[in-house]
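Okay, structure first, notes after.
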Amino acid sequence: MIEFSLDENIFFIRILHVIKLLQQLGKRKEYLNLALKKQNIFSNIIFETLKICHEDENLLFKDFEFFITKIVNKDFYDNIVGHIYAKFDRPDIAFNYHYSEYKKNASLEIMFALLKVIGDYYNKSHQILEETKQREIFNALVAKEGELNLQGFIFLLTYALHILKDTRQILPLLNQKLLNTDIKNLDNALKIQLSNIFMTQYESNNKDLFLYDLNLCLVQDGKTYVKNNYSIAEENQKNFGFIVIDANEYFLKKQDNTSKEESLFHGIVGAFAFRCENPSMIPITFDKDSKNPLSGLWDFMDERTNQTKDLFQRYSDGIYVGLFVLAGNNYKNYFTLIPYLLNNQNMNFNSLHVNYLPKETKKILTLSSIIFLNEINQLDLILQREDIVIQQTLVNWLKGYLDKIDYANMPQDFTYLDEEGHKFVPFTEDSIKEAEKFKTYVLGILTRILKCTIINDVSENLQLKEAKTLAPLVGIQEYQALAYCIKYNYQIISENNIFDMLFETLRFNKGFISNASVLLEGSLEYDKRRSLIIDLYQKKYKYVLSENFEKSLIAFMQEKNVLSLQQEEFELIKIANSYGFLENIKKYYNDKFKVLFPKAVLPVKIFLDKNIEKLLKIIGK
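Take the sequence shown: its position 130, counting from 1, is numbered 129 in numbering that gives the first Met the number 0, and each next residue is one higher.
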């Protein structure tokens, strides 16, 4: 078929049909090569092939990269190539292609595409990509306000909130757009997006992004007074009580103690924020005539708590839930989740298996293991190892979180899962002190890990397109560690057993993942390490031994009496047995001495066999 398609007399439509067929058959290199061979004959063949690449979910990154390098006049295809790189989770490369297209054609589509890839990069790295250029593009979009629809304004406000940390350019424009629109009949999808932004003011660090002169209004007696630099549609004045007044009247009303100055944006969006069927906002009804008017709230809290308890129970039972999900998809909660799992006798801490790799193999120490090692007072010792490296994504996240830590942005306290009834934690002066103490703790961890080698994992990605969709499920830091591990053969050190499932599903070598207890060998004196391992096991932390324990035990029993071991060693043997690590020893003994079928020659017990008999008594078999 390929040889037939290489005939110069074949029509373009036939070539395109062959390319699509090869793609459907999984012959990706073949369809890409065919397009390259025909690019000088058919001017549209590269563009049509790029469209196929865009939709080919199984296209490998390296194959696409090779294809791009061989395209003649690839400047013609900057836009679509940028979109494909974005699907490969390479926003840094996608930006360059989109920016090149922007310089040729400053359309709204390409400018929004540029800001989107900047947003993707920021979500991964907590760093702004091409800060000067992104500001240029943002300003250019704001300058085109007359061409923007409401969706465009909402996108720009979201971008300004999360990346620029400055809403002064766009928020007044969005306010005016909303005030000139019939708010009552606004599309519900837009209402949901606006209601999500509505909630951000209530994060303490975001108040300054809303409370400034151009976004203020006065609320008095159910009316909302707006300065006359805004115009308001008649429907909104009638339906929501908006009234336009001049600056002098505004000043005078402001002196009245019965008036209150608030965010205009929240005054507009508040009209529908809790009535737009937003799936992230669950309405709770109160029956003021009931003897217990808060019963609806208690029922809601009970339901949410029971759902969380069920999630934790499934994790404890060995189901791959993942720490990021247990932490409510928020890394700050790792600081309380890890200690909670470690110290809760009713909960199994299901970490990864123990896998030893030589010191020549670099080891990525992830956030969960850093907190775990700090909790068992071994972090400083482990950070001295030359094979330990730290992710740049982790460093960036810690820096960003440190800027936000206050009493309203503390990790969740998971001990409520062990309590009966309902618990409200009031804000007190101690809340501020606890936040300051916690901030010092986080800063201490950051200071210590910055002394290690930092790897730039920000732009790493898995070869498969749309692989970035894993990030919200497993955590962006875990995803970046996985991508870096696969590319450079580093070992991941983590307490998150989701890696076990990922390596199993993707058929990667599980030897490249381990929990942090593996680092204690060679770092901690044997007696101290043994005591710590036993203590961790008693705390239901799993695993504390490698599956190679059985081989070491067999080698010992071939030479020495197993009863010569110390009592603590017997504890380790019992731990290995509880993990099922001694099954080969049991099978060997049973096959040799306990099988009932006739044997021509009766088995003779050797030194190892006698040791195994003693071993079986130790473990109660």
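The beta-carbon is built from N, C-alpha and C at its ideal position, and this holds for glycine as well.
Query, Result
"Inter-stretch contact at 8 Å, needing at least 3 Cβ pairs: the stretch 543–562 / the stretch 601–618", "yes"
"The stretch 374–392 contacting the stretch 443–457, beta-carbon criterion three pairs below 8 Å", "yes"
"Assigned exposure category for F250 - 16 Cβ within 10 Å defines buried", "exposed"
"Three-way DSSP call (helix, strand, coil) for K438 in this model", "helix"
"Cβ-Cβ distance between Q192 and I153 below 8 Å", "yes"
"Pairwise C-alpha distance: I497 and K586", "31 Å"
"Whole runs of the alpha helix (DSSP H) within the stretch 436–487, excluding any shorter than 4 residues", "470–473 and 475–487"
"Simplified DSSP state of Q537, which is helix, strand or coil", "helix"
"I40: first and last residue of the uninterrupted beta strand (DSSP E) it sits in", "Where I40 is concerned, there is no enclosing beta strand (DSSP E), given that its DSSP letter is neither H nor E."
"Extent of the continuous alpha helix (DSSP H) to which L393 belongs", "Q391 to K403"
"7 Å CB neighbourhood of G643 in its chain, flanking five on each side removed", "This structure cannot speak to residue 643, because the chain is shown only from 0 to 620."
"Where I283 falls, given that 16 or more other Cβ within 10 Å makes a residue buried", "Unreliable placement is indicated for I283, whose pLDDT of 48 sits below 50; no coordinate value is reported for it."
"Inter-stretch contact at 8 Å, needing at least 3 Cβ pairs: the stretch 212–222 / the stretch 232–250", "yes"
"Cβ separation of F137 and L163, assumed to be a contact under 8 Å, to the nearest whole Å", "7 Å"
"Residues bridged to C216 (per DSSP)", "E261"
"N460 and D88 closer than 8 Å at C-beta", "yes"
"Bounding residues of the alpha helix (DSSP H) (the contiguous stretch that carries I605)", "Note, I605: premise wrong, no alpha helix (DSSP H); not H, not E."
"8 Å Cβ cutoff met for I109 and L178", "no"
"Burial state of Q537, where buried means 16 or more other Cβ atoms lie within 10 Å", "exposed"
"Where the alpha helix (DSSP H) through K675 begins and ends", "The chain is shown only over 0 to 620; residue 675 falls outside these bounds and no answer can be derived."
"Spatial distance of L49 from Q236 (CA atoms)", "51 Å"
"Span of the alpha helix (DSSP H), counted from its first residue to its last, around I196", "N187 to F197"
"Host beta strand (DSSP E) of F241 (start-end)", "F241 to I244"
"Contacts around F66, its chain only, beta-carbon distance under 6 Å, and the 5 residues preceding and following it disregarded", "L31"
"Buried or exposed (CB count within 10 angstroms, at least 16 for buried), N39", "exposed"
"Where the alpha helix (DSSP H) through I83 begins and ends", "D77 to K86"
"Beta-carbon gap between A93 and V116 smaller than 8 Å", "yes"
"6 Å Cβ shell around L59 - same chain, five flanking residues per side excluded", "Q462"
"N-terminal and C-terminal residue of the beta strand (DSSP E) that I18 is part of", "No beta strand (DSSP E) contains I18, which is instead part of the alpha helix (DSSP H) from F11 to Q23."
"For V324, three-class secondary structure by DSSP", "helix"
"Bounding residues of the alpha helix (DSSP H) (the contiguous stretch that carries I337)", "Y333 to N342"
"Rounded C-alpha distance that separates I70 from A105", "24 Å"
"7 Å Cβ shell around E47 - same chain, five flanking residues per side excluded", "L15"
"R27 classed as buried or exposed, judged by whether at least 16 other C-beta atoms fall within 10 angstroms", "buried"
"The stretch 372–382 / the stretch 570–579 touching (three or more Cβ pairs under 8 Å)", "no"
"Own chain partners of Q344 with C-beta closer than 8 Å, once the 5 adjacent residues on each side are dropped", "K538 and K539"
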